[in-house]
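Data first, discussion second: the structure below is written as structure tokens.
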Amino acid sequence: MDETKRLSTVDIIEIQRAHVNRFTFQDTVDISMLNSFFCGDCFDLSDKEIKDVELVVLLLASAEKRMVHYYTKALQEKIDRETGANTSNIREIKNGGLLLSDENTVCMKPALIKCYEMLPFVQVSVLAGIQAIVEHVASARKVHYIDLAIRTGEQCTASMQALAIRNGVPLELLKVTAIGTAEEEKIETGKRLACFAESLNIPSSFKAAIVTHMKDINEDMFEIEDGEVVAIYSPLVLSHLVRQPDCLEALIRVLRNLNPCVMVVTECEAKLCSPVFMERFLEALSSSGSHFDYFEDSMDRDDQNRFAFEETYFARGIKNIVAEEDENRTHRIMKIDDWRNYLTKFGLVETTLGSSSLYQAELVAKQ
1 MDETKRLSTV DIIEIQRAHV NRFTFQDTVD ISMLNSFFCG DCFDLSDKEI KDVELVVLLL
61 ASAEKRMVHY YTKALQEKID RETGANTSNI REIKNGGLLL SDENTVCMKP ALIKCYEMLP
121 FVQVSVLAGI QAIVEHVASA RKVHYIDLAI RTGEQCTASM QALAIRNGVP LELLKVTAIG
181 TAEEEKIETG KRLACFAESL NIPSSFKAAI VTHMKDINED MFEIEDGEVV AIYSPLVLSH
241 LVRQPDCLEA LIRVLRNLNP CVMVVTECEA KLCSPVFMER FLEALSSSGS HFDYFEDSMD
301 RDDQNRFAFE ETYFARGIKN IVAEEDENRT HRIMKIDDWR NYLTKFGLVE TTLGSSSLYQ
361 AELVAKQ
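Here it is in structure tokens:
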């Protein structure tokens, strides 16, 4: 191996994971060895609890510093919750709270926009998904675009640009419906999108469907009119409802009843639904390692937008996976096969990305 080549965070984690597995599955464990690194007596922990948190030692000794920082805080919070200690701020993620509210997204807007510009994978997923929508509405004169998490609207502007240059049938109307919890922010986004659509000579309308919870969504909110072809964009939304199966099912049924010609779903892929802490923890390490490697390769270490994104999204996600249990654990990412099986139950049929979508993805990745 080239000695100058840096081991990725994922490589380091996998090496450590092998050591952890070898240690964890031994028939006998020398707890006194753990106590030499982690003073379980200080917290009155059982042998099993000490084994749960011995990963702190391995992380502090071997993992990338940025990721170690967040996992250390999360593990300390887990210890505090189980022992009644108060060395960490448990209130930070009370009731889970991984998915940012629209109000908090406003504060994160500069960091979100910068990360969108700097991170190629984000652009790949957005542009490939938008191209898939454009292909499915190619012959539609009236397009009703429904966004379950419009945020700052980048994906919507991308769809407008693609629709503006399509050949064939002229676009008579682009109706945009944004689902959210903060009306003021959605109105601001709508104004920007209206100006952008006007600059492209696209007739458009915008509506903010404001709800306090996804379970409150109903078909009447979308005001579907005759002649409209519906396309739905769901970016990183459904996974936050996995812990609420009734709510997730209700949402999917509403969306299906809108009879969309296409629904683009983008989600991270991992196996973070296990109720067993050790299984969930080890899987989370690998998943997080990929994310931190991605940021390391795409943004400077001292980039304040990177720091803000990590502190807000990564930190909350890691804390939720590690420190929360039961209904408060909102971060329940599933594998793609699990999503396929779930969505098929509602009569939704998977379709492949077209050649244009794959070309867009490849083009952005090369840039």
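Taking the UniProt record's numbering as reference, the numbering of the sequence shown is continuous, increasing by one, and the terminal residue is 367. Ideal Cβ positions, reconstructed from N, Cα and C, are used throughout, including at glycine.
message = Less than 6 angstroms between C-beta atoms, sequence neighbours within five positions excluded: which residues of the same chain meet that for H144?
response = Stepping through the sequence shown from its first residue, residue 144 is reached at position 144. Same-chain partners within the cutoff: K175, E228 and V230.
query = For the 8 angstroms Cβ check, are there 3 or more pairs between the region 186-206 and the region 126-138?
reply = Because the criterion of three Cβ pairs below 8 angstroms is not met, the region 186-206 and the region 126-138 do not touch.
ask   = alpha helix (DSSP H) containing F206: first to last residue?
value = By 1-based counting over the sequence shown, the position of residue 206 is 206. Premise fails: F206 lies in the beta strand (DSSP E), S204 to I210, not in any alpha helix (DSSP H).
ask   = CB A217 to CB V254, shorter than 7 angstroms?
value = What you label residue 217 is simply residue 217 of the sequence shown in a count that begins at 1. What you label residue 254 is simply residue 254 of the sequence shown in a count that begins at 1. First, the residue type needs correcting, since residue 217 is Ile and not Ala in the sequence shown. Yes.
key: One or two residues paired with A231 in a DSSP bridge   = Locating residue 231 in the sequence shown gives position 231, counting from the first residue. The partner list for A231 (beta bridge, DSSP) reads Y145 and V262.
message = I'd like the span of the alpha helix (DSSP H) that includes T157, first residue to last.
response = Taking the sequence shown and counting its residues from 1, one reaches residue 157 at position 157. Here the alpha helix (DSSP H) through T157 covers E154 to A164.
Buried/exposed call for Q360, threshold 16 Cβ in 10 Å = Looking up residue 360 in the sequence shown gives position 360. Label assigned to Q360: buried.
ask   = What whole-angstrom Cβ distance do I146 and T177 have, given they're in contact under 8 angstroms?
value = Reading the sequence shown from its first residue, position 146 is the one you call residue 146. Reading the sequence shown from its first residue, position 177 is the one you call residue 177. Your pair I146 and T177 checks out as a contact, with CB atoms roughly 5 angstroms apart and the cut at 8 angstroms.
message = Tell me the rounded alpha-carbon separation between D220 and S8.
response = Taking the sequence shown and counting its residues from 1, one reaches residue 220 at position 220. Taking the sequence shown and counting its residues from 1, one reaches residue 8 at position 8. In a straight line, the C-alpha of D220 is about 49 angstroms away from that of S8.
query = Within the chosen definition, does the region 156-163 reach the region 198-205 through at least 3 CB pairs nearer than 8 angstroms?
reply = With the rule of 3 Cβ pairs closer than 8 angstroms, the region 156-163 counts as touching the region 198-205.
message = Are the CB atoms of A149 and P245 within a distance shorter than 7 angstroms?
response = Counting from one through the sequence shown, the residue named residue 245 turns up at place 245. Counting from one through the sequence shown, the residue named residue 149 turns up at place 149. With a cutoff of 7 angstroms on beta-carbon distance, P245 and A149 are scored as not near each other.
query = Alpha carbon to alpha carbon, how far is C195 from M118?
reply = Residue numbering aside, residue 195 sits at position 195 when the sequence shown is read from its first letter. Residue numbering aside, residue 118 sits at position 118 when the sequence shown is read from its first letter. Between C195 and M118, the C-alpha separation is close to 25 angstroms.
message = Which residue marks the beginning of the beta strand (DSSP E) containing I150, and which one marks its end?
response = Within the sequence shown, residue 150 is the residue found at index 150, counting from 1. Where I150 is concerned, there is no enclosing beta strand (DSSP E), given that its DSSP letter is neither H nor E.
Separation of P275 from C247, as counted between CA atoms = For this step, residue 247 is matched to residue 247 along the sequence shown. For this step, residue 275 is matched to residue 275 along the sequence shown. In this structure, the straight-line span from the alpha carbon of C247 to that of P275 is close to 20 angstroms.
key: Rounded straight-line distance, which links the Cα of L353 to that of A138   = As a first step, residue 138 is located in the sequence shown; it is residue number 138 there, counting from the start. As a first step, residue 353 is located in the sequence shown; it is residue number 353 there, counting from the start. If you draw a straight line from the Cα of A138 to the Cα of L353, it is about 15 angstroms long.
request  = Using alpha carbons as the reference points, say which of L348, K65 and R332 lies closest to K271.
outcome  = For this step, residue 271 is matched to residue 271 along the sequence shown. The shortest Cα separation from K271 among L348, K65 and R332 belongs to R332.
ask   = Would you report the Cα separation of I224 and L363, rounded to the nearest angstrom?
value = One-based indexing of the sequence shown puts residue 224 at position 224. One-based indexing of the sequence shown puts residue 363 at position 363. Within the model, the alpha-carbon separation for I224 versus L363 is close to 35 angstroms.
ask   = Out of D302, T330, L238 and Q155, which has the shortest C-alpha to C-alpha gap to L343?
value = By 1-based counting over the sequence shown, the position of residue 343 is 343. Per the C-alpha coordinates, the member of D302, T330, L238 and Q155 positioned closest to L343 is L238.
ask   = What is the DSSP secondary structure of T351, reduced to helix, strand or coil?
value = Counting from one through the sequence shown, the residue named residue 351 turns up at place 351. Coil at T351, not helix or strand.
query = Which partner residues does L112 have in the DSSP bridge list?
reply = Numbered from 1 along the sequence shown, position 112 holds the residue referred to as residue 112. Looking at the DSSP assignment, L112 forms no beta bridge with any residue, so it has no partner.
query = Across which residues does DSSP place L75 in a beta bridge pair?
reply = Counted from its first residue, the sequence shown places residue 75 at position 75. According to DSSP, which records beta bridges pairwise, L75 is partnered with nothing at all.
ask   = When DSSP labels each residue in this structure, what does R178 get in the three-state scheme?
value = Translated into positions along the sequence shown, residue 178 becomes position 178. Reading off the sequence shown, one finds Ala at residue 178, where the question assumed Arg. In this structure, A178 counts as strand in the three-state DSSP scheme.
For Q367, the three-state DSSP class (helix, strand or coil) = Within the sequence shown, numbered from 1, the residue matching residue 367 stands at position 367. The answer is coil: DSSP assigns Q367 none of H, G, I, E or B.
task = Can you give me the start and stop residues for the alpha helix (DSSP H) that L255 sits inside?
result = In the sequence shown, the residue the question calls residue 255 occupies position 255. L255 -> alpha helix (DSSP H) spans P245 to N257.
ask   = So who's on the other strand from L173, going by DSSP bridges?
value = As a first step, residue 173 is located in the sequence shown; it is residue number 173 there, counting from the start. Beta-bridge pairing links L173 to K142.
ask   = Are Y233 and V211 closer than 7 angstroms when you measure CB to CB?
value = Reading the sequence shown from its first residue, position 233 is the one you call residue 233. Reading the sequence shown from its first residue, position 211 is the one you call residue 211. Taking 7 angstroms as the Cβ cut-off, Y233 and V211 do not qualify as a contacting pair.
request  = Classify F25 as buried or exposed, calling it buried when 16 or more other Cβ atoms lie within 10 Å of its own Cβ.
outcome  = Working through the sequence shown from its first residue, we reach residue 25 at position 25. Note that F25 scores 49 on pLDDT, short of 50, meaning its location in the model is unreliable and no value can be drawn from it.
ask   = So, is E325 buried or exposed, given that buried needs 16 or more other C-beta atoms within 10 angstroms?
value = As a working mapping, residue 325 is identified with position 325 in the sequence shown. E325 should be labelled exposed.
task = Compute the Euclidean distance between the alpha carbons of residue 369 and S125, then round it to the nearest angstrom.
result = Any question about residue 369 goes unanswered here, given that the chain covers just 1 to 367.
Beta-carbon proximity list for L99, same chain, < 7 angstroms, skipping 5 on both sides = Residue 99 sits at position 99 when you count from the first residue of the sequence shown. Low local confidence applies: a pLDDT of 44 at L99 is under 50, so the model's placement there is unreliable, and no value is given.
Own chain partners of S287 with C-beta closer than 8 angstroms, once the 5 adjacent residues on each side are dropped = Position 287 of the sequence shown holds residue 287. Around S287: C268, A270, L272 and I333.
Bounding residues of the alpha helix (DSSP H) (the contiguous stretch that carries S125) = Locating residue 125 in the sequence shown gives position 125, where the first residue counts as 1. Taken as a continuous stretch (DSSP letters only), the alpha helix (DSSP H) holding S125 covers P120 to H136.
key: Minimum length 4: unbroken alpha helix (DSSP H) runs contained in the region 307-362   = Fully enclosed alpha helix (DSSP H) runs of 4 or longer: 315-323 and 336-344.
query = Three-state secondary structure (DSSP) at F25?
reply = The residue labelled residue 25 in the question sits at position 25 within the sequence shown. With a pLDDT of 49 at F25, under the threshold of 50, the modelled position of this residue cannot be trusted, and the question is left open.
message = So, at 7 angstroms on beta carbons, what are the nonlocal neighbours of I90 in its own chain, with the 5 sequence-adjacent residues on each side left out?
response = Walking along the sequence shown from the start, residue 90 turns up at place 90. Confidence at I90 is low in this model, with a pLDDT of 48, below 50, so the placement of that residue should be treated as unreliable; the coordinate-derived value is given next. Short of 7 angstroms from the beta carbon of I90, and not among the five residues preceding or following it, lie these beta carbons of its own chain, in chain order: E77, D80 and R81.
query = Alpha carbon to alpha carbon, how far is V242 from I321?
reply = For the purposes of this step, residue 242 is identified with residue 242 of the sequence shown, where counting begins at 1. For the purposes of this step, residue 321 is identified with residue 321 of the sequence shown, where counting begins at 1. One alpha carbon belongs to V242, the other to I321, and they sit about 14 angstroms apart.
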